[in-house]
Amino acid sequence: MVLFWHRRDLRIHDNAGRYQALKNNREVQPIFVFDTTILDRLPKNDQRVIFIHREITRLKKEYAKLGCDFRVFYGDPTKLVPQIANETKASAVYTNRDYEPKALARDKAVFESLENLNIEFKGSKDHVIFEKNEVLKADGTPYSVFTPYSRKWLEKLNSFYLRSYPNEKYLDSLHPSTTQSEIPSLKEMGFGEELFHPFPSREFDLEVIALYDQKRDLPSIKGTSKLGLHLRFGTISIRELARVGQKKNATYLKELIWRDFYQAILYHFPHSAQNSFRPEYDQIEWLNEEHLFQLWCEGKTGYPMVDAGMRELNATGYMHNRVRMVVASFLTKHLLIDWRWGETYFAEKLLDYDLASNVGGWQWAAGCGCDAAPYFRVFNPASQQQKFDPEARYIRKWVPEYGTPSYVQPCVEHKMARERAISHYKYHLNKG
DNA sequence: TTTTGAGTTGTTCGA
DNA sequence: GTCGAACAACTCAAA
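Just so you know, we're using the working numbering here: the first sequence kicks off at 3 and counts up by one.
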């Protein structure tokens, strides 16, 4: 008997760690743990918990069809996983690697407990195409600039790294069961079941990906895949998407490379989850005006592109990528509010929230990240609107009072804010 | 070691 | 309307 522990890989098809477990063992028992150390910190209506619960329920049915009982637990995995492994006399626990600092700490604790029980803990690469030290500079150190990283990434890419792990193989290695255990209900775990907005579909539109480079910047149309949520929880395979990108659209593939890049940055520079990637930017004294932050959160800044984006986020848990850049630039440059405040707000609201990509994106916008926009590059929300939503279709969808007297006045004046941002950054970066 | 070219997504100003 | 330069000079990657 061995365990296969699902985490951010809520799928059976094309699952690297699951494949390894089945291939090398006779009796594989799949498990999942609703992690109280995470759940206890979430609001009780968090939509992502509903998403996970639904996907777990779906997985449970798929496993049941294969004659297997997918066992789902609720508790602290650093205690539960070794306990279950011990009780079932498992010789190993298989899983897919997770590179976030908290996940690494959790897995270290699990590894140590399992080691004491003489049980192996085996991780597979599944969440990214290239991980850890697979894409490095010639001198063996990690990249911090995207373009040369992406060149090396593409050079290294071949069909081996994009292969699909066949889910129909070695199915008799699943531990058979004639009975089915229960999944803890949302209610039992203290969570509500009310869904505010439908989740984006896992099915992707090939046409959208084929035209991605032409349409991705227009928030009023479906020009992006909207698969972030599914990539986050592994309900879709990154290898499958990378194959599509390779065939259909180089720009789309490049966005997937950004995802690997930010995962690698966080892995090699874990300080960047909390502090500026470039230490000199920690000298910036943010104005951090609560009142203005509230206006930004609520979508009441008086800048239509910013307000539309924030209201879309609040209503759906999603925001178009172009608009994410606009609202992030506005918060950090126009309002001079700490990027971490924005990052934290996105973490609460975005269904597709991913620590590495979110921190990377926010630091890019604030100018303090690796390969960031120079600080004097300040988005003008009005010209962004002109360029990417000229007919205000996106804006009117989320800000229906746009163009009427009831729409709020701008909370800061653009020209002043722009000049203030540039001189503020310049002053604090050069004060020694 | 030194040199060289390049660097996600922008804006504004003045010719 | 269009175009190039300034924004600010810096750091990274590779030869």
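Glycine included, every Cβ here is placed at the ideal spot set by N, Cα and C.
Computed from a prediction, not measured in an experiment: that's the story for all the values here.
Check, Outcome
"Member of F378, P45 and E114 whose CA lies at the smallest distance from the CA of E350", "P45"
"Where E287 falls: helix, strand or coil (DSSP)", "coil"
"For F72 and L61, believed in contact at Cβ under 8 Å, the rounded distance", "6 Å"
"CB contact flag (T334, A368, <8 Å)", "yes"
"Under 8 Å between C-beta atoms of H430 and E287", "yes"
"DSSP-derived helix/strand/coil call for K62", "helix"
"Three-way DSSP call (helix, strand, coil) for I223 in this model", "coil"
"L289 burial status per 10 Å Cβ neighbour count (16 or more: buried)", "exposed"
"Inter-residue spacing [alpha-carbon to alpha-carbon] between F53 and G236", "12 Å"
"Given 8 Å, three or more beta-carbon pairs between the segment 25-36 and the segment 166-181", "yes"
"Buried or exposed by the 16-neighbour rule on C-beta atoms within 10 Å, applied to H293", "exposed"
"CB contact flag (T80, V112, <8 Å)", "yes"
"Under 8 Å between C-beta atoms of I397 and P306", "yes"
"Inter-stretch contact at 8 Å, needing at least 3 Cβ pairs: the segment 213-226 / the segment 389-407", "yes"
"Beta-bridge pairing of T237 - partner residues as DSSP gives them", "Partner(s): none; T237 has no beta bridge."
"Cβ neighbour criterion (16 or more within 10 Å) applied to G69", "exposed"
"DSSP-derived helix/strand/coil call for D37", "strand"
"Secondary structure of E29, DSSP reduced to three states", "coil"
"Classification of L208 by the beta-carbon crowding that lies within 10 angstroms, buried from 16 upward", "exposed"
"Given P32 as reference, the closest of F162, A66 and L357 once Cα atoms are compared", "A66"
"Straight-line gap, R245 to R165 (C-alpha atoms, nearest Å)", "9 Å"
"Residue from Y145, M418, A212 and R241 with nearest C-alpha to S161", "R241"
"Nearest-angstrom Cα separation, counted from V137 out to Y145", "8 Å"
"Terminal residues of the beta strand (DSSP E) in which K104 lies", "First-last for K104: P103 to N118, but that is the alpha helix (DSSP H), not the beta strand (DSSP E)."
"Test item: CB-CB of S126 and R108 under 8 Å", "no"
"Neighbourhood of D78 by C-beta distance below 6 Å, restricted to the same chain and skipping five residues each side", "T38 and T39"
"Counted within 10 angstroms of its Cβ, other Cβ atoms place T181 as buried (16 or more) or exposed", "exposed"
"E403 classed as buried or exposed, judged by whether at least 16 other C-beta atoms fall within 10 angstroms", "exposed"
"When V325, Q386, I58 and V147 are compared against R280, the one with the closest alpha-carbon", "V147"
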